[in-house]
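J.: Have a look at this one before I ask anything.
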Amino acid sequence: MLRSATSIARPLRSAANTTARRGYASHGPSYNAPSGYIFGEKPPPAGQKRVKEDWENIWYFGIFGGMAFAALILTYKPDTSIQGWAYNEAKRRMVESGQWEQIKYRPSEDSTIPASQ
1 MLRSATSIAR PLRSAANTTA RRGYASHGPS YNAPSGYIFG EKPPPAGQKR
51 VKEDWENIWY FGIFGGMAFA ALILTYKPDT SIQGWAYNEA KRRMVESGQW
101 EQIKYRPSED STIPASQ
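In the UniProt record's numbering, the protein residues as written are 1 to 117.
Put into structure tokens, the structure is as follows:
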């Protein structure tokens, strides 16, 4: 079955029209043209300070306080790795058997690290 050129183009035209209608469902485009100022805020005149908005101090304390709290928590978190557990378990067993005091570092013959005396 052959289709004519108009029957093939008809679905494309209707799709383009619905896309345009759907794009403007919120009463026009919401594009803010760039003004050249950071965050769209004009700098104050010379000799005047910028007035902070009410939410800015809360945001600063929340963000930087949260980062400080996270750093504190991560610094003092317990070691839950398998390597840490295995080291502590091996040390406990060696202390119980009396071998822990006998351990002394002895470098191999081809080592460049001097032996401690």
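Beta carbons: idealized from backbone N, C-alpha and C, even for Gly.
Please list, in chain order, all residues of the same chain as G62 whose beta carbon is under 8 Å from its beta carbon, the five residues on each side excluded.
T.: Nothing meets the Cβ criterion.
J.: Taking only three categories from DSSP, how would you classify A90?
T.: The answer is helix: DSSP assigns A90 an H, G or I state.
J.: Compare the Cα-Cα distances from R106 to each of T80, Q99 and P114 and report the closest residue.
T.: Comparing Cα-Cα distances from R106 to each of T80, Q99 and P114, the minimum goes to P114.
J.: Looking at W85: is its Cβ nearer than 8 Å to the Cβ of K91?
T.: No, the pair does not count as a contact, with Cβ atoms beyond the cut-off.
J.: Can you tell me the Cα-Cα spacing of H27 and S35, whole angstroms?
T.: So the two alpha carbons sit approximately 23 Å from each other.
J.: In whole angstroms, give me the CA-to-CA distance for T75 and M94.
T.: Their backbone Cα atoms lie some 29 Å apart in a straight line.
J.: How long is the line joining the alpha carbons of W59 and V51, rounded to whole angstroms?
T.: Cα to Cα, W59 sits roughly 15 Å from V51.
J.: Please state whether DSSP places S111 in a helix, a strand or coil.
T.: Coil at S111, not helix or strand.
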